Amino acid sequence: MKAQKTDRTERRGIGIAMTAFETLDFAFREQSESDYGIDAHAELIRSEQPTGQLLGIQLKSGGSYLSERCDTGFVFRTDKDHVEYWLNHALPVLVCLCDVEAKNVYWQVVTNETAISTGKGYKFVVPSTQLIDSSSRELLRKWLTPTIPATRYTICEQSDISHAAARRYSFKIVINGGATKAEVAAMVRQVTNDGIKSKYSRNCIVDSLSDLDAQVVYTFIYPTAEDYSRGAWICRSLWIDKNLVEEFRPVGFKGENVGDNIIVDWNDDYSEWSQVFSACIGSKEEYLSTILPMIDELKRLLQKVAVNLSKYKNNEINEEEFIVSTEEDLKRVYELYREGIDLPFAAPFECRDVNQKFQNLIAHLDNIRLHYAEESRHNWTKENRLWLSVKQCSWAQENLQHFEYELSKIR
Numbered sequence: 001m002k003a004q005k006t007d008r009t010e011r012r013g014i015g016i017a018m019t020a021f022e023t024l025d026f027a028f029r030e031q032s033e034s035d036y037g038i039d040a041h042a043e044l045i046r047s048e049q050p051t052g053q054l055l056g057i058q059l060k061s062g063g064s065y066l067s068e069r070c071d072t073g074f075v076f077r078t079d080k081d082h083v084e085y086w087l088n089h090a091l092p093v094l095v096c097l098c099d100v101e102a103k104n105v106y107w108q109v110v111t112n113e114t115a116i117s118t119g120k121g122y123k124f125v126v127p128s129t130q131l132i133d134s135s136s137r138e139l140l141r142k143w144l145t146p147t148i149p150a151t152r153y154t155i156c157e158q159s160d161i162s163h164a165a166a167r168r169y170s171f172k173i174v175i176n177g178g179a180t181k182a183e184v185a186a187m188v189r190q191v192t193n194d195g196i197k198s199k200y201s202r203n204c205i206v207d208s209l210s211d212l213d214a215q216v217v218y219t220f221i222y223p224t225a226e227d228y229s230r231g232a233w234i235c236r237s238l239w240i241d242k243n244l245v246e247e248f249r250p251v252g253f254k255g256e257n258v259g260d261n262i263i264v265d266w267n268d269d270y271s272e273w274s275q276v277f278s279a280c281i282g283s284k285e286e287y288l289s290t291i292l293p294m295i296d297e298l299k300r301l302l303q304k305v306a307v308n309l310s311k312y313k314n315n316e317i318n319e320e321e322f323i324v325s326t327e328e329d330l331k332r333v334y335e336l337y338r339e340g341i342d343l344p345f346a347a348p349f350e351c352r353d354v355n356q357k358f359q360n361l362i363a364h365l366d367n368i369r370l371h372y373a374e375e376s377r378h379n380w381t382k383e384n385r386l387w388l389s390v391k392q393c394s395w396a397q398e399n400l401q402h403f404e405y406e407l408s409k410i411r
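So for the sequence shown, the working numbering puts the first residue at 1; every next one is plus one.
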């Protein structure tokens with residue numbers, strides 16, 4: 001019976017808090033999927049439109065939470081884990097105490113200053129003069145998550161990853177300048193909500209879904225363009241339409257609900273990753289002085305292999321003669337390939353496009369060797385080996401041209 005009474009008190013408190021916030025032009029959304037220590041979100045509404053500016057709400061209802069008094073209000077006690085979670089949350093968090101009899105909701109914002117250590121845990125003083133009513137309208141707005149202009153971030157990639165049963169997008173975003181956790185969360189919400197309305201389709205097969213809003217949206221956030229180039233995201237997010245049937249829902253991940261049921265997974269290892277990556281990045285001088293001699297040699301090898309491949313294709317030599325005539329050249333190609341994929345440092349950001357063409361070139365050239373290597377020759381017919389090798393040679397020549405073009409842009 002006591003549990004039922006507590007549940008009824010909590011439900012009454014939710015209703016009272018919802019009414020109080022709505023009178024101040026906030027949409028109050030209870031979090032049905034339990035977010036540790038967050039019972040609801042309050043979003044500011046302007047001109048009947050949601051703003052994306054939010055508060056996280058921890059709500060406690062009933063006389064027991066109002067029983068400990070001090071000179072300025074009520075004392076609310078909690079444990080260290082909850083306080084750390086609230087302080088590190090992407091949303092500003094309010095501790096709200098509801099007097100269900102008087103229908104008053106008192107509040108205090110969670111900050112390092114308001115969280116008072118008791119040695120065993122923490123306490124907050126919730127002022128008896130600080131209510132969710134018109135007297136707090138401006139003060140509450142001060143604590144809202146920020147509105148982020150689109151110039152603060154760049155969408156580097158939008159991928160349509162839909163299938164026949166669900167419209168799905170993935171966005172990769174680079175932050176333009178520094179940003180707080182709350183600002184990053186605001187970017188995630190803005191990109192996700194815009195992405196839901198996107199009508200981009202990768203091809204005519206998924207274009208049949210173009211009249212539908214997206215049902216799944218992923219985002220990946222990168223602090224810098226260099227982080228983006230090496231895949232070092234600071235957070236990722238996932239939003240799934242609540243109406244999407246279970247069998248078509250992607251596997252989710254644990255994280256923080258930053259509003260609108262968008263789950264954000266913060267990369268706790270980002271700082272360590274970033275330091276490791278930064279320590280491994282070579283200078284432009286180091287990178288170019290290493291690969292340019294390799295390119296000079298690869299050009300000569302590619303030319304010799306291409307000449308012999310052309311002779312073989314035109315029946316001027318047979319396959320065995322081709323293998324013999326290119327054996328040493330392709331052996332050297334393999335050595336350069338191993339060196340190229342195992343450089344002692346990563347290419348600097350400025351050289352990323354040059355490096356991509358370099359890696360493509362050595363891979364295509366080494367693929368020719370693979371087609372005729374004794375250990376893998378049986379994987380293809382004689383005709384297929386020739387056709388594939390001609391293709392690989394053509395792609396190697398194409399990537400060499402692209403390499404020269406990208407190199408000219410940075411010299």
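Note that beta-carbon positions come from the ideal geometry of N, C-alpha and C, so glycine has one too. All figures in this text were calculated on a predicted structure; none of them were measured in a lab.
Does DSSP put Ala346 in a helix, a strand or coil?
Position 346 of the sequence shown, counted from the start, is the residue given in the question as residue 346. Note: Ala346 maps to strand in three-state DSSP.
When burial is assigned at 16 or more other CB atoms within 10 Å of the CB, is Gln392 buried or exposed?
Mapped onto the sequence shown, residue 392 falls at position 392. Buried: at least 16 other Cβ atoms inside 10 Å.
List, from N- to C-terminal side, the alpha helix (DSSP H) runs of 4 residues or more that fit wholly inside the region 84-157.
137-142
State the Cα-Cα distance for the pair Cys98 and Ser61, rounded to the nearest angstrom.
In the sequence shown, counting from the first residue as 1, residue 98 sits at position 98. In the sequence shown, counting from the first residue as 1, residue 61 sits at position 61. Cα to Cα, the separation comes out at about 5 Å.
Beta strand (DSSP E) segments (min. 3 residues) lying fully within the region 3-35
Listed in chain order, the complete beta strand (DSSP E) runs (minimum 3 residues) inside the region 3-35 are 26-35.
Measure how close the beta-carbons of Arg152 and Ala185 come, nearest whole angstrom, since I'm counting them as under 8 Å.
The residue given as residue 152 occupies position 152 in the sequence shown. The residue given as residue 185 occupies position 185 in the sequence shown. Going by Cβ atoms, the distance from Arg152 to Ala185 rounds to 13 Å, so no, they are not a contact pair.
Tell me whether the beta-carbon of Ile262 lies closer than 8 Å to the beta-carbon of Trp239.
Here residue 262 is taken as the residue at index 262 of the sequence shown, counted from 1. Here residue 239 is taken as the residue at index 239 of the sequence shown, counted from 1. Against a cut-off of 8 Å, the Cβ pair of Trp239 and Ile262 comes out as a contact.
Tell me, please, which residues DSSP counts as bridged to Thr78.
The sequence position of residue 78 within the sequence shown is 78, counting from 1. Tyr122, per the DSSP bridge assignment.
State yes or no: is the beta carbon of Ser61 nearer than 8 Å to at least one beta carbon in chain D?
Chain labels in this structure do not include chain D; a single protein chain is all it has.
On the three-state DSSP scale, how would you describe Tyr287?
Sequence index remark: in the sequence shown, residue 287 carries index 287 (1-based). It is helical.
To test your reading of the DSSP string, which unbroken beta strand (DSSP E) runs of 3 or more residues are found completely within the region 190-276?
216-222, 235-240, 263-266
Enumerate in chain order the residues of its own chain whose CB-to-CB distance from Arg202 is below 7 Å, with the five nearest sequence positions on each side excluded.
Position 202 of the sequence shown, counted from the first residue, corresponds to residue 202. Asp160, listed in sequence order.
Measuring from the CB of Glu339, is there a heavy atom of the ligand ATP at a distance below 7 Å?
In the structure shown, the ligand ATP is absent, as is every other ligand, since no ligand is present at all.
From the DSSP output, read off the bridge partner residues of Gln53.
Position 53 of the sequence shown holds residue 53. Answer by DSSP bridge pairing: none, since Gln53 is not bridged.
Taking the Cβ atom as the reference point for each residue, do Val174 and Thr154 lie within a distance shorter than 8 Å?
Locating residue 174 in the sequence shown gives position 174, counting from the first residue. Locating residue 154 in the sequence shown gives position 154, counting from the first residue. Closer than 8 Å, so yes.
Name the residue from His163, Tyr85, Glu383, Glu335 whose alpha carbon lies nearest to the alpha carbon of Glu247.
Residue numbering aside, residue 247 sits at position 247 when the sequence shown is read from its first letter. Closest option to Glu247, judged by alpha-carbon separation, among His163, Tyr85, Glu383, Glu335: His163.
Could you check where the alpha helix (DSSP H) with Tyr334 kicks off and where it finishes?
As a working mapping, residue 334 is identified with position 334 in the sequence shown. Unbroken alpha helix (DSSP H) run through Tyr334: 319-341.
Cut-off 6 Å between Cβ atoms - residues of its own chain near Gly253, not counting five sequence neighbours on either side
In the sequence shown, counting from the first residue as 1, residue 253 sits at position 253. A quick correction: the sequence has Phe, not Gly, at residue 253. Around Phe253: Asp265.
Contact under 8 Å by Cβ, Ile362 with Leu298
On the sequence shown, position 362 is the one that residue 362 refers to. On the sequence shown, position 298 is the one that residue 298 refers to. Yes, they are a contact pair.
Per DSSP, which one or two residues make a beta bridge with Asp160?
Along the sequence shown, read from residue 1 onward, the residue named residue 160 stands at position 160. Tyr169.
Looking at the secondary structure, which residues open and close the beta strand (DSSP E) in which Glu68 lies?
Within the sequence shown, the letter at position 68 stands for residue 68. Taken as a continuous stretch (DSSP letters only), Glu68 belongs to no beta strand (DSSP E), as it is neither H nor E.
I'd like to know if the region 60-76 and the region 120-130 are in contact, where contact means that at least 3 CB-CB pairs between them fall below 8 Å.
With contact defined as three or more Cβ pairs closer than 8 Å, the region 60-76 and the region 120-130 are in contact.
Please list, in chain order, all residues of the same chain as Tyr337 whose beta carbon is under 6 Å from its beta carbon, the five residues on each side excluded.
What you label residue 337 is simply residue 337 of the sequence shown in a count that begins at 1. Closer than 6 Å at Cβ, skipping near neighbours: Ile362, Asp366.
Which residue from Asn88, Asn112, Val188 puts its Cα closest to that of Gln53?
Position 53 of the sequence shown, counted from the first residue, corresponds to residue 53. The alpha carbon of Gln53 has as its nearest neighbour, out of Asn88, Asn112, Val188, the alpha carbon of Val188.
Would you decide whether Val100 is buried or exposed? Buried here means 16 or more other CB atoms lie within 10 Å of its CB.
Reading the sequence shown from its first residue, position 100 is the one you call residue 100. By the neighbour-count rule (16 or more Cβ atoms within 10 Å), Val100 is buried.
So, helix, strand or coil for Glu316, using DSSP?
In the sequence shown, the residue the question calls residue 316 occupies position 316. In the structure shown, Glu316 falls within a coil segment according to DSSP collapsed to helix, strand and coil.
Assumed close pair Thr224, Phe171 - CB separation to whole angstroms, cut-off 8 Å:
Here residue 224 is taken as the residue at index 224 of the sequence shown, counted from 1. Here residue 171 is taken as the residue at index 171 of the sequence shown, counted from 1. At roughly 17 Å, the Cβ-Cβ gap does not stay under 8 Å, so Thr224 and Phe171 are not in contact.
Straight-line CA distance for Met1 to Ser64?
On the sequence shown, position 1 is the one that residue 1 refers to. On the sequence shown, position 64 is the one that residue 64 refers to. Bear in mind that a pLDDT of 43 at Met1, under 50, signals an unreliable position, so the number given afterwards is only what the model happens to contain. Distance between the alpha carbons of Met1 and Ser64 is about 17 Å.
Give me the Cα-Cα distance between Arg411 and Tyr405, rounded to the nearest whole angstrom.
Residue 411 sits at position 411 when you count from the first residue of the sequence shown. Residue 405 sits at position 405 when you count from the first residue of the sequence shown. When rounded, the distance between both Cα atoms is 10 Å.
Could you give the first and the last residue of the continuous beta strand (DSSP E) run that contains Glu43?
One-based indexing of the sequence shown puts residue 43 at position 43. Unbroken beta strand (DSSP E) run through Glu43: 38-46.
Within 10 angstroms of its Cβ, does Ile116 collect 16 or more other Cβ (buried), or is it exposed?
By one-based count along the sequence shown, residue 116 stands at place 116. Flag for Ile116 reads exposed.
Three-way DSSP call (helix, strand, coil) for Ser61 in this model:
Translated into positions along the sequence shown, residue 61 becomes position 61. In the structure shown, Ser61 sits in a strand (DSSP, three-state: E or B).
Along the chain, where does the alpha helix (DSSP H) containing Ala363 start, and where does it finish?
Here residue 363 refers to the residue found at position 363 when the sequence shown is read from its first residue. First-last of the alpha helix (DSSP H) with Ala363: 352-372.
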